[in-house]
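In the working numbering, the protein residues as written are 327 to 506.
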């Protein structure tokens, strides 16, 4: 919880600095579903997080974000009795290509990099690794500064054994933009 508060305060300070410099910036929150891809030791779970956005160029913005994913319990009992799903906490930055909010429909795509902490006590996994992500989304401006967003994201997180954990995330959220 302490980490979340510190990251949130850091994002807010960054946004205040960007706004004072006359840059377009914003903040948002999102939630949805995380679907493991080719992982027998996980099942579908929930995801939520916060993100900031700072417009770097005319159609490119940088989006630092914090994401929390809790996988559901897997259906297989061969690994261990009564297994539980892993928790994945991530912090990263996406480069978003597409306009920020405003009235109307704003489609975009993004690519990103981050660091992810994967933890599962039952499987004795507790590791932090770098991951890559990318996806598509659309933001619907419901006012000059407020936008509703739907986003599809694909994460690939490296593991210490040389493999990777993959997940498809489908989220919906709300964004507030200022300095537009």
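A virtual CB, placed ideally from N, CA and C, is assigned to each residue, including glycine.
Could you tell me how far apart the beta carbons of residue 445 and residue 413 are, in whole angstroms, since I believe they sit closer than 8 Å?
-> In this structure, residue 445 and residue 413 form a Cβ contact; the two beta carbons are roughly 5 Å apart against a cut-off of 8 Å.
Contacts around residue 398, its chain only, beta-carbon distance under 6 Å, and the 5 residues preceding and following it disregarded = Correct list, in chain order: 369, 370, 371, 411.
Does the beta-carbon distance from residue 373 to residue 497 come in below 8 Å?
-> Yes, these two residues count as a Cβ contact at 8 Å.
In three-state DSSP terms, what is residue 482?
-> Residue 482: strand per DSSP, three-state reduction.
Smallest Cα separation from residue 574: which of 500, 480, 504, 485?
-> Absent from the model: residue 574. The displayed extent of the chain is 327 to 506, so no value can be given.
Pairwise C-alpha distance: residue 466 and residue 431 = Taking the straight line from one Cα to the other gives about 5 Å.
Please check the pair residue 418 and residue 439, which I expect to be a contact at CB under 8 Å, by giving their CB distance rounded to whole angstroms.
-> About 6 Å separates the two Cβ atoms, so the contact holds.
Starting from residue 419, follow the beta strand (DSSP E) in both directions and report where the run begins and ends.
-> Residues 413-423.
Using only alpha-carbon positions, find the residue among 453, 501, 500, 378 that is nearest to residue 487.
-> Looking only at 453, 501, 500, 378, the smallest Cα-Cα distance to residue 487 is reached by 453.
Name the one or two DSSP bridge partners that residue 502 has.
-> Looking at the DSSP output, residue 502 bridges to 353, 472.
Can you tell me the Cα-Cα spacing of residue 490 and residue 422, whole angstroms?
-> Their backbone Cα atoms lie some 24 Å apart in a straight line.
To which residues of the same chain is residue 437 closer than 8 Å at the C-beta, ignoring the five residues directly before and after it?
-> So the list reads 420, 421, 458, 459, 460, once near-sequence residues are dropped.
Grouping DSSP H, G and I as helix and E and B as strand, with all else coil, what is residue 383?
-> Residue 383: coil per DSSP, three-state reduction.
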